[in-house]
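First to last, the sequence lines map onto chains A and B.
Going letter by letter, the first sequence gives residues 6 to 172 in my numbering.
Going letter by letter, the second sequence gives residues 6 to 172 in my numbering.
Number of protein chains: 2
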Amino acid sequence: MLQLRDLPTTAVLEKFAERYPDADITAISSFLHLLRVATDLSIALDTCLSKHGLLQGRWWVLILLMREASKTATPSVLADKAGVTRATMTGLIDGLEQVGLVERVYAKDDRRSIVIHLTEAGQAKLDVVMPDYYRRLRQCMQELDEKKREELHLILDLINAGIPALV
Amino acid sequence: MLQLRDLPTTAVLEKFAERYPDADITAISSFLHLLRVATDLSIALDTCLSKHGLLQGRWWVLILLMREASKTATPSVLADKAGVTRATMTGLIDGLEQVGLVERVYAKDDRRSIVIHLTEAGQAKLDVVMPDYYRRLRQCMQELDEKKREELHLILDLINAGIPALV
DNA sequence: TTGACATAGTTAGTCAGCTAACTATAATGT
DNA sequence: ACATTATAGTTAGCTGACTAACTATGTCAA
């Protein structure tokens, strides 16, 4: 995703709207603002995680495993939940297995399938990363009171409902 | 950016909050919701642009050039405004130049520098892409009234101000 | 004035995503 | 029962970001 360092001013958008009458200035402005803040958040998250030797992909896999009572899941399920292809998940698991945070366990009932297991080291890594992440995130959002958080939730759902119209 | 197909329920977050007391459940929920909607928007934008043979990077370069009265800018300035490295901008310009949407013009005053010029074909491409993009975006955001757009703006600014705390 | 540093753009190599094709195994319908 | 189809995971190769190193040119201070 681009970082959109230089968002258009209203004056620029008005100029564009003269040439392209379909332009809805506040819609464009909201859209770009949303993309920009989200990109900056994502970059900040990566920076935070990289201090612990993780990136978003691997970190998310660990979290998905921790959510399970058995601390295990198949690569296919993990891929679906993380929103990546199975091929990408193979790579993420390779990386995590090499540093000992997860292990591949071969299934007996279906010999095509394997399960990925969160190791003790993987859980220990989360026990360091998550408190740090949660503490930082709390600070990041502290100026947003509960009312604003609810407003945001509603607004995001409205935008989300409109996404099919964009494609 | 991950696609976060499977956001945690409040129940899952409460479970995590037991183990990690710093967890601020509505902050986490807002954060992930924002990232997810923005990612989906970005993917939808790419889908829309790809119908015109563009991706976000190249499209944004064309827009930045069109904003200028001279329809030109240097690669360095474009890189800064698009939030990519100069190396990446070299590649974006290569691609745009190959299909004739921009051209490199060698500067006389500073022989290190070149300027990138939006060609007639580049302007013509924008004149097709932008109305389509604006029309779709208007539809996508149509359920968001002006009041909600202002609320969103305010909320995003608050979150943005908190980002340094996340890094 | 000239040596050190700064700036503009490019090149080479890395990385994490992707698609498409592959192997192995399981499930299914005739 | 067995040929076809579906599923699980991996591999190979592509892409568009990135960093680091490079060439060429400009700037500035001793």
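Note that beta-carbon positions come from the ideal geometry of N, C-alpha and C, so glycine has one too.
Note that the structure is a prediction, hence the values are computed from the model and not measured.
Complete beta strand (DSSP E) runs within the segment 72–137 of chain A (minimum length 3 residues, chain order): You should have 107–111 and 119–123.
By a C-beta neighbour count over all protein chains shown, 10 Å radius and 16 as the cutoff for buried, is R154 (chain B) buried or exposed? With 16 or more other Cβ atoms within 10 Å, it is buried.
If you follow the alpha helix (DSSP H) that V42 (chain B) is part of, which residue opens it and which one closes it? Looking at the DSSP string, the run of the alpha helix (DSSP H) that includes V42 (chain B) is I30 to S55.
Taking just the CA atoms, how far does V120 (chain B) sit from L159 (chain A)? 45 Å
So with CB distances below 7 Å, who are the chain A contacts of G88 (chain B)? L7, Q8, L9 and R10
Just by C-beta distance, which residues in the segment 110–139 of chain B are closer than 7 Å to chain A? M135, P136 and Y139
Buried or exposed (CB count within 10 angstroms, at least 16 for buried), G167 (chain A): When all chains shown are included, G167 (chain A) counts as buried.
Is the segment 31–50 of chain B in contact with the segment 82–93 of chain B, if contact means three or more CB pairs nearer than 8 Å? no
Minimum C-alpha distance to T79 (chain A) - residue among A:C53, A:C145, A:A112 and A:G96: A:A112
Taking 9 Å as the threshold (beta carbon to beta carbon), is M146 (chain B) in contact with chain A? yes
Going straight from the alpha carbon of R143 (chain A) to that of L69 (chain A), what length do you get? 21 Å
P169 (chain A) in three-state terms, based on DSSP: helix
Mapping DSSP to helix, strand and coil, what is D150 (chain A)? It is coil, neither helix nor strand.
Taking 9 Å as the threshold (beta carbon to beta carbon), is L157 (chain A) in contact with chain B? yes
Rounded straight-line distance, which links the Cα of M135 (chain A) to that of F36 (chain B): Taking the straight line joining both Cα atoms gives about 15 Å.
Grouping DSSP H, G and I as helix and E and B as strand, with all else coil, what is Y25 (chain A)? coil
Check this for me: beta carbons of L123 (chain A) and V110 (chain A), under 9 Å apart or not? no
Please name the residue in B:L12, B:K76, B:V66 and B:E148 whose C-alpha comes closest to that of G100 (chain B). B:V66
Report back the beta-carbon spacing between G105 (chain B) and A126 (chain B) to the nearest angstrom; my notes put them in contact at under 8 Å. 5 Å
Between the alpha carbons of L149 (chain A) and D162 (chain A), how many angstroms are there, rounded? 18 Å
Could you work out which residue in B:V172, B:Y139 and B:V82 is closest to R140 (chain A) when comparing CA atoms only? Nearest of B:V172, B:Y139 and B:V82 to R140 (chain A), Cα basis: B:V172.
Which residues, in order along the segment 54–77 of chain A, keep a beta-carbon less than 9 Å from a beta-carbon of chain B? So the list reads Q61, G62, W65, I68, L69, M71 and R72, given in the order they occur along the chain.
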